[in-house]
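In the order they appear, the protein sequences are chains A and B. Mapping of the first sequence onto the numbering used here: residues 32 to 458, in sequence order. Mapping of the second sequence onto the numbering used here: residues 940 to 1248, in sequence order. Just so it is clear, CB atoms sit at the ideal spot from N, CA and C, and this is done for glycine as well. See structure below.
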Amino acid sequence: MKLLLKGARVIDPSQKMDARMDILLEEGKISSCGTTIKAPPEAQVVNLAGMIAVPGLIDMHVHLREPGLEYKETIATGSAAAVAGGFTSIACMPNTEPVNDNRSITEFILRKATEANLARVYPIGAISVGSEGKQMTEFWDLKEAGVIALSDDGKPVMDAALMRHAMEYAGSLDLPVIQHCEDIHLSAGGLMNEGYWSTMLGLPGIPSIAEEAMVGRDILIAEYTQTRIHIAHVSTAGSVRLIRDAKMRGLNVTAETAPHYFTLTDECLQDYDTRYKVSPPLRSEADIAAISEGISDGTIDAIACDHAPHGRTDKEVEFVYAANGISGLETSLGLSLNLVHEGILTWEKLITAMSCNPARILNLDKGTLKKGSDADITVIDPEQTWTVDVKTFVSRGKNSPFSGRKMKGRAVLTIVAGDIKYDGRAL
Amino acid sequence: MMKLAKKDILGIRDMTVDEINLILETAESFLEISTREIKKVPTLRGKSIINLFYEASTRTRTSFEIAGKRLSADTINISASTSSVVKGETLIDTARNLEAMNPDIIVLRHSAAGAPHLLASLVRQSIINAGDGAHEHPSQALLDMMTIREKKGQLAGLKVAIIGDILHSRVARSNIYGLSKMGARIVVAGPATMMPRNIEQMGVKACTKLEDAITDADVVMMLRIQLERQKQNIFPSLREYAQHYCLNRKNIKLAKPDVIVMHPGPINRGVEISPDIADDPGCSVILDQVNNGVAVRMALLYMLSGGNE
Ligand SMILES: [Zn+2]
Ligand SMILES: [Zn+2]
């Protein structure tokens, strides 16, 4: 199968490339990239004038819910949502039922992903058995089975000694450790950001220090043990500052944030709309500004949507009982493109945060269009305007507060290993 | 008499000054019924009201029940338990069942802030919030405003001190919303651990000493302290709390000579208010609050049922 992509503006930060190019894909690899490539016989030619082609987007933090919670999402529906949103690769968190804390679950996930044959799916293994924060899992065995990172996401690793040992042991295997930073004593009972709006609404607050205390702690562990740490879903200005300081001191700290943390504030909760309930919670305008700045200056390496699909019954309940999370894969690119429209990010920085950096953090040989690399490409129509409609979501999770929002820019072709997995050009 | 242009009474936050005045005036007109020999008018005959209480509250439930009965409505009390949520029956299931019974008004008390908003969005019946978590308790604030107005003539310009666990108090929030709309100056006081973050952005002054708050106050509103809060380490002991936040003969001298003392009840005597103050008809208006509570709830039920149309 040969595919020739003609005339797109190719933006590949890994090669500092931003030019009108043709790209030839053969045998699942990028065979050449040049100003004018003549179509070889039997090649399918796709005219992409006016489009932008970038290294396939990678979302390093999604929840696919299978095994165990298939009513919310399956590996097949989640990876379909991924390609519909422009993602060629996704890394899935282990908080399924059962938790992905052993080889057999990892192998099950990989088998299901192969059957689905859409996006590439990279399992993240649990740090502790059952993500209960007590007993370390078999990191070595998990890595051999295909796990590319470790996390107890959904919960933090509260026990600092366990975290230290996990970072040391994982460090020796070059497995990144991803922390959901939340001091559960500081956040206990909390349902939204602590501040003016929690005071107005009478909802128990989650202070920003619940996140920052653990960001700070884990940076100290990384420094002391000379290991690396990746901070998931940064939501506060204080976390951005801690991470920026750590990076300036040369520590091996990386971080991600999700589109809702640079788009929405806690004011959105004023009608107790559970679609806005996320963990960590939506914060203030000042936090939004700090996070946007953090992505722009590279303090925050990656944008990952924390795709958290839920069923109706998980969200249509009293606020206190509602599940946390947003079904994000199909809106992540559109919301992130807003940062480009607003002049906060360049295209190069956006693609760095959505492809190159996630690949680097997860040690994936991806995030590039260099000759010989996997032919994972996302083609974006930068001018297409569209309106989010959850009814059209491919994901089983229709829980999005962005329904009805106008967007500019959309993935129109998602190519994995040289195969078109999603074609939205007709939309 | 005007009709209230609202389907539900969810809180004071979304009420206008005109609406508050209208409710208070209507309540004042109902006050007289409670003094009659036959304390009943046929106004809401044939209407049915469900008191759906997920939290035990004898006072509020009884007050709504009496209010409904005095207007000749059929009142049905349902005590639900939030533990049923664990068993899978959600507020939504309950709402669907209740809707099938076709009541006119549902009065909801729930431990979760925002529960009445959820219910109101699901059913066509009018919802009255009878207290949701630490959010709002609109009928309480209305009866408090009615009582203050009765004793002081107006609300504008008064200094009102609210003392106690502001963080967990729906009574405090509804009163802050209402009294500030009506032009009163509000000072809140309590231990720093019981002060919600950014409370001053709500337009109140906040302090940690009772004495600072009640100085020159026209109205002192004491909040009930929940004993279980001690377990959350937000205060060390009732003994220490009472030593510093109990309104007594001595510290009340700091307030205006004609100060009135309020409490939403039930009182922990000797903790929030010393018994001699609570029982002093010269300053305590606690029983007036109870009496006005029935009138305010009659007004709400009446106005939500379409007034005199
Ligand atoms: Zn998380
Ligand atoms: Zn997550």
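Residue i at chain B interface by Cβ criterion, 8 Å
| i | result |
| --- | --- |
| residue 227 of chain A | yes |
| residue 302 of chain A | yes |
| residue 48 of chain A | no |
| residue 100 of chain A | no |
| residue 267 of chain A | no |
| residue 296 of chain A | no |
| residue 232 of chain A | yes |
| residue 359 of chain A | no |
| residue 161 of chain A | no |
| residue 42 of chain A | no |
Given residue i as reference, the closest of the options once Cα atoms are compared
| i | options | result |
| --- | --- | --- |
| residue 248 of chain A | A/340, A/214, A/443, A/130 | A/214 |
| residue 1102 of chain B | B/1133, B/964, B/1093 | B/1133 |
| residue 436 of chain A | A/363, A/311, A/232, A/300 | A/363 |
| residue 406 of chain A | A/108, A/40, A/63 | A/63 |
| residue 992 of chain B | B/1014, B/981, B/1201, B/1164 | B/1014 |
| residue 252 of chain A | A/290, A/402, A/210, A/279 | A/210 |
| residue 1033 of chain B | B/1004, B/997, B/1075, B/990 | B/990 |
| residue 45 of chain A | A/268, A/102, A/212, A/387 | A/387 |
| residue 85 of chain A | A/164, A/179, A/312, A/54 | A/54 |
| residue 971 of chain B | B/1122, B/1084, B/1205, B/1231 | B/1231 |
| residue 353 of chain A | A/305, A/383, A/380 | A/305 |
| residue 78 of chain A | A/180, A/234, A/411 | A/411 |
| residue 289 of chain A | A/97, A/361, A/301, A/257 | A/361 |
| residue 1125 of chain B | B/1062, B/1144, B/1030, B/1131 | B/1144 |
| residue 1179 of chain B | B/1129, B/1002, B/946, B/1151 | B/1129 |
| residue 69 of chain A | A/37, A/127, A/241 | A/37 |
| residue 316 of chain A | A/184, A/195, A/266, A/421 | A/266 |
| residue 1182 of chain B | B/1213, B/1038, B/1097, B/1079 | B/1213 |
Buried/exposed call for residue i, threshold 16 Cβ in 10 Å
| i | result |
| --- | --- |
| residue 292 of chain A | buried |
| residue 203 of chain A | exposed |
| residue 228 of chain A | buried |
| residue 372 of chain A | exposed |
| residue 986 of chain B | buried |
| residue 1109 of chain B | buried |
| residue 1064 of chain B | buried |
| residue 1009 of chain B | buried |
| residue 1138 of chain B | buried |
| residue 246 of chain A | buried |
| residue 1226 of chain B | exposed |
| residue 90 of chain A | buried |
| residue 426 of chain A | buried |
| residue 307 of chain A | buried |
| residue 1333 of chain B | Past the edges of chain B, shown from 940 to 1248, lies residue 1333 of chain B, and the structure says nothing about it. |
| residue 956 of chain B | exposed |
| residue 103 of chain A | buried |
| residue 153 of chain A | buried |
Any C-beta of chain A under 8 Å from that of residue i
| i | result |
| --- | --- |
| residue 1138 of chain B | yes |
| residue 1141 of chain B | yes |
| residue 1135 of chain B | yes |
| residue 1031 of chain B | yes |
| residue 1248 of chain B | Caution is warranted here: a pLDDT of 47 is assigned to residue 1248 of chain B, below 50, making its placement in the model unreliable, and the coordinate value is therefore given only provisionally. False, the Cβ-Cβ gap to chain A never drops below 8 Å. |
Neighbour flag for residue i against chain E, beta carbons, 8 Å
| i | result |
| --- | --- |
| residue 100 of chain A | Of the protein chains in the structure, A and B, none is chain E. |
Unbroken stretches of the alpha helix (DSSP H), 4 residues or longer, contained in the stretch 290 to 361 of chain A: Correct list: 316 to 327, 343 to 346.
Length-filtered (3 minimum) beta strand (DSSP E) runs lying within the stretch 1092 to 1138 of chain B: 1098 to 1102, 1124 to 1128
Proximal residues, the stretch 1073 to 1090 of chain B versus chain A, C-beta separation under 9 Å: 1073, 1074, 1075
Whole beta strand (DSSP E) elements within the stretch 87 to 146 of chain A, 3-residue minimum: 88 to 93, 118 to 123
Chain A contacts made by the stretch 1039 to 1057 of chain B, where a contact means CB separation under 9 Å: Near chain A, meaning a CB-to-CB distance below 9 Å, the residues of the stretch 1039 to 1057 of chain B are 1049, 1050, 1051, 1052, 1053, 1054, 1056, 1057.
Proximal residues, the stretch 1099 to 1119 of chain B versus chain A, C-beta separation under 7 Å: Result list: 1109, 1112.
Contacting positions in the stretch 336 to 356 of chain A - beta carbon closer than 7 Å to chain B: 347, 348, 349, 350, 351, 352
Uninterrupted alpha helix (DSSP H) stretches inside the stretch 979 to 1056 of chain B (no shorter than 4 residues): 997 to 1009, 1022 to 1025, 1030 to 1040
Under 8 Å (Cβ pairs) to chain B, residues found in the stretch 52 to 73 of chain A: none
Against chain B: residues of the stretch 236 to 248 of chain A by CB proximity under 9 Å: Going along the stretch 236 to 248 of chain A in chain order, one finds 236, 238 with a Cβ nearer than 9 Å to chain B.
Inside the stretch 182 to 231 of chain A only - alpha helix (DSSP H) runs reaching at least 4 residues: 191 to 203
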